[in-house]
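Chains as they are written, first to last, in the numbering used here: chain D, -13 to 466; chain S, 13 to 377.
See below for the structure under consideration.
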């Protein structure tokens, strides 16, 4: 594959998960070696065998998961491995802070060099990563899915920084799968699919729909088709729920919320505002310190997980690899992770593999799970098919309430469409859905009602006309 | 290469373990040569001592019996993600509980006495290792630590009960328990040898354990918790109960090894009865890659090593402890399949390369 990046430009690398964007950039950054082909930099042929080579050339990379030490200050993090010393190995903190302050000011990055990284917001931590790359002399900056954990406002801020960088003559490679961001910030666009460049474009001459088609290889629906909700009886009721995290900090602080049959309630919020702990408390995986969880009028606050699962609660967990699936197990086992010991899947203590396989075949067909056979280990499936396995299991038990946490994270466009339309059809059949997502677009397109969570509190509940992107963005950032 | 034509499971389950064993012998041969003896002579003697005449072969099988039970128990633990180091102690407790029943009852038919004694042995092993399981489930105490501690406790308990007098036989020169009831003895299956019915029990235990792990709901729970305890819990399984149960079953099999050894071989118990079987069995289970069927050949190999070692020492003056080097090397090569794969010119899975790359990134940045 070929890719040419110019100085002073923002070059977006657009593609679905698994299209090979990150791998390509890891080659450029020296973390993975290429099997064939060459890299030219500033007109010279270069061999990059490790990140050190890349850094020497002036290539910097900001990873999706930051590589910072939370306990250290901004200066210490940035200097790490490239310390400025005075005399006999004493670190010259003031000089470093000065350099970093200048860099920040020059690019409008506004980072306090003395702050502890752990105290900064995700958006600011990302800026620290950017300053770190600049401090090491980066003139080409690779940003890998940089907006994944940002609020809309933080994203805007990042775009300003990126524009500032290219104005100063740097080159920015922006890896993403989000069409809107590409349209907003890129000068040039390269679209990848399955390890190949399938097209290039310039934002002013293209449309999101055209880009999506290039990315997926077929026309896609960008909006979920859905009619108005017809909610009936209350299924889930949270009553002043209080939950603590592992460090005993109160992270869910008196949340009250209801979800009715036939509606999708979306919880919008930046990750880490208590959503995970709230869901865990609902599932019985974490104790509620105070308050109640009610399912169809019954108090289930103290019930074990198994009991809840069998009384109509179901969950698509945020981290499907850690909580949703056992990757080494075949598909048919993963489809009965919670019902494995019930009829007809087991006869007393003995599991009935024939029944399990048949059950799997049925669900694989109903949920379009693409696999060779029910015996295939789930770990060998694509992310989209794995999520379909989870969805098939959770919906297969005919639940009253589905908690869907980040249900489309890391999925390709086709699978996102599938998951979204399934959630809507199930809603229309009377399922109560609680959607927890940090992708604001997902919440906006699916939810009939939106509750915004900020620091463990529901700061607003919006419905119908009141659901406004700008307003929710501000609420998510705690600024309203 | 042959390895290219074999299916992946055969490479993992057969070729790599076989090559590991071979590498173990090669390294041991080098060690023998370095110490000034002839490695070919020594290894030939080892082989002769293990196999050549009908009595030697029977002794190899005798030595394999405890390895099979213990190996099955440890393999089952591995499947649940538990590293049970306490098989030696569970062997003792199983022996103690079983032998007490076997010398206390008299005059019942063997068909009743033997199962009773074995059940007592299983129960002893179950309770002893279940304790480690409970400590892990309740307090998060790591089973490696607790089972090692429970080993010492078991040795000292055996010592106290046997040497201390509560279970001491009268009028014997070395401390041991009373002889078990004649009806509780396991019959000899090849006359003129010491090969006893325990071999048949051990071989029968293989499909039973396999079925338990692969085909029952208990086995499903156990494997779920072993692979991904978080997902098991999120799907409503009781991780704690599964840990106690898995650990208990693992110990019950180790306890069976103990009591079968007594019922079939010694007919009484001394406080040295286990003689390291429980520790060797860790290697047996590793070599078997935690597969119950794999335990059979692995246990046979370790039985042969143990049996051939003394003959080798007698014939060639090479220390029988050399066998420990072979065992140790086998464990190292089994535990480090990358070395063996490299020797066999097999490409490591791409996944591993990726992980290495990620680790590099963490250290560099």
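Where a beta carbon is used, it is the ideal one built from N, C-alpha and C, also for glycine.
Quick caveat, the model's predicted, so the values are computed rather than measured.
Inset, instruction - Consider the Cβ of residue 336 of chain D: report whether some Cβ of chain S lies at a distance smaller than 7 Å. - result: yes
Legend entry - Amino acids of chain D, ordered along the chain, whose beta-carbon sits closer than 8 Å to that of residue 246 of chain S: 269, 271, 291, 301, 303, 309, 310
Inset, instruction - Return helix, strand or coil for residue 115 of chain D, following the three-state DSSP convention. - result: helix
Inset, instruction - Could you spell out where the beta strand (DSSP E) holding residue 253 of chain D opens and where it closes? - result: 250 to 254
Legend entry - Residue range of the beta strand (DSSP E) that includes residue 186 of chain D: 182 to 187
Inset, instruction - Provide the residue(s) that pair with residue 178 of chain D in DSSP beta bridges, ordered along the chain. - result: D:1, D:183
Inset, instruction - Taking only beta carbons into account, state which residues of the region 312 to 323 of chain D come closer than 8 Å to chain S, listed in chain order. - result: 312, 313, 314, 315, 319, 323
Inset, instruction - For residue 100 of chain D, I'd like the list of residues in its chain whose CB is within less than 8 Å of its CB, leaving aside the five on either flank, ordered along the chain. - result: 59, 60, 61, 83
Inset, instruction - State buried or exposed for residue 229 of chain D, treating a residue as buried only when at least 16 other CB atoms are found within 10 Å of its CB. - result: buried
Inset, instruction - Return the chain-ordered ranges of every beta strand (DSSP E) run that is complete within the region 256 to 327 of chain D and spans a minimum of 3 residues. - result: 274 to 281, 299 to 302
Legend entry - Option nearest residue 126 of chain D by Cα separation, candidates D:158, D:139, D:305, D:457: D:158
Inset, instruction - Using a Cβ-Cβ cut-off of less than 8 Å, give me the residues of the region 325 to 354 of chain D that come near chain S, in sequence order. - result: 326, 327, 332, 335, 336, 337, 339
Inset, instruction - Below 8 Å CB to CB, which residues in the same chain sit around residue 202 of chain D once its five sequence neighbours on both sides are set aside? - result: 2, 179, 398, 399, 400
Legend entry - Member of S:75, S:51, S:114, S:57 whose CA lies at the smallest distance from the CA of residue 191 of chain S: S:114
Legend entry - Amino acids of chain S, ordered along the chain, whose beta-carbon sits closer than 9 Å to that of residue 295 of chain D: 247, 248
Legend entry - Cross-chain neighbours of residue 150 of chain S in chain D, by beta carbon under 7 Å: Under the 7 Å cutoff, chain D gives no residues; its nearest Cβ is about 16 Å from residue 150 of chain S.
Inset, instruction - Please confirm whether residue 307 of chain S and residue 83 of chain S have their CB atoms less than 7 Å apart. - result: yes
Inset, instruction - For residue 243 of chain S, go through chain D and note every residue whose CB falls closer than 8 Å to its CB, in chain order. - result: 308, 309, 310, 311, 312, 323
Inset, instruction - With 8 Å as the limit, tell me which residues of the region 209 to 225 of chain S have their beta carbon closer than that to any beta carbon of chain D; keep them in chain order. - result: none
Legend entry - As assigned by DSSP and simplified to three states, the class of residue 362 of chain D: coil
Legend entry - Straight-line gap, residue 363 of chain D to residue 311 of chain D (C-alpha atoms, nearest Å): 10 Å
Legend entry - Cβ pair count under 8 Å reaching 3, the region 74 to 81 of chain D against the region 144 to 161 of chain D: no
Inset, instruction - Note down, in chain order, each residue of its chain lying with its Cβ closer than 6 Å to the Cβ of residue 277 of chain D, except the 5 sequence neighbours on either side. - result: 225, 226, 227, 228
Inset, instruction - Check whether the region 229 to 242 of chain S touches the region 92 to 111 of chain S, taking contact to mean three or more Cβ pairs, one atom from each stretch, closer than 8 Å. - result: yes
Inset, instruction - Could you please give the first and the last residue of the uninterrupted alpha helix (DSSP H) stretch that includes residue 158 of chain S? - result: 155 to 175
Legend entry - Whole runs of the beta strand (DSSP E) within the region 377 to 456 of chain D, excluding any shorter than 3 residues: 387 to 391, 418 to 423, 435 to 440, 443 to 449
Legend entry - Secondary structure of residue 81 of chain D, DSSP reduced to three states: helix
Inset, instruction - Alpha carbon to alpha carbon, how far is residue 234 of chain D from residue 0 of chain D? Give it in angstroms, no decimals. - result: 41 Å
Inset, instruction - Please state whether DSSP places residue 373 of chain D in a helix, a strand or coil. - result: helix
Legend entry - Own chain, CB closer than 8 Å to residue 70 of chain S, minus 5 neighbours either side, in chain order: 202, 205, 206, 207
Inset, instruction - Taking 7 Å as the cut-off, decide whether the C-beta atoms of residue 256 of chain D and residue 268 of chain D are in contact. - result: no
Inset, instruction - Measure the C-alpha to C-alpha separation of residue 146 of chain D and residue 274 of chain D and round it to an integer number of angstroms. - result: 42 Å
Legend entry - Residues bridged to residue 77 of chain S (per DSSP): DSSP output for residue 77 of chain S lists no bridge partner at all.
Inset, instruction - Under the assumption that residue 132 of chain D contacts residue 48 of chain D (Cβ atoms under 8 Å), give the Cβ distance between them as a whole number of angstroms. - result: 6 Å
Inset, instruction - Determine the DSSP secondary structure at residue 56 of chain S, reduced to helix, strand or coil. - result: helix
Legend entry - Three-state secondary structure assigned by DSSP to residue 239 of chain D: strand
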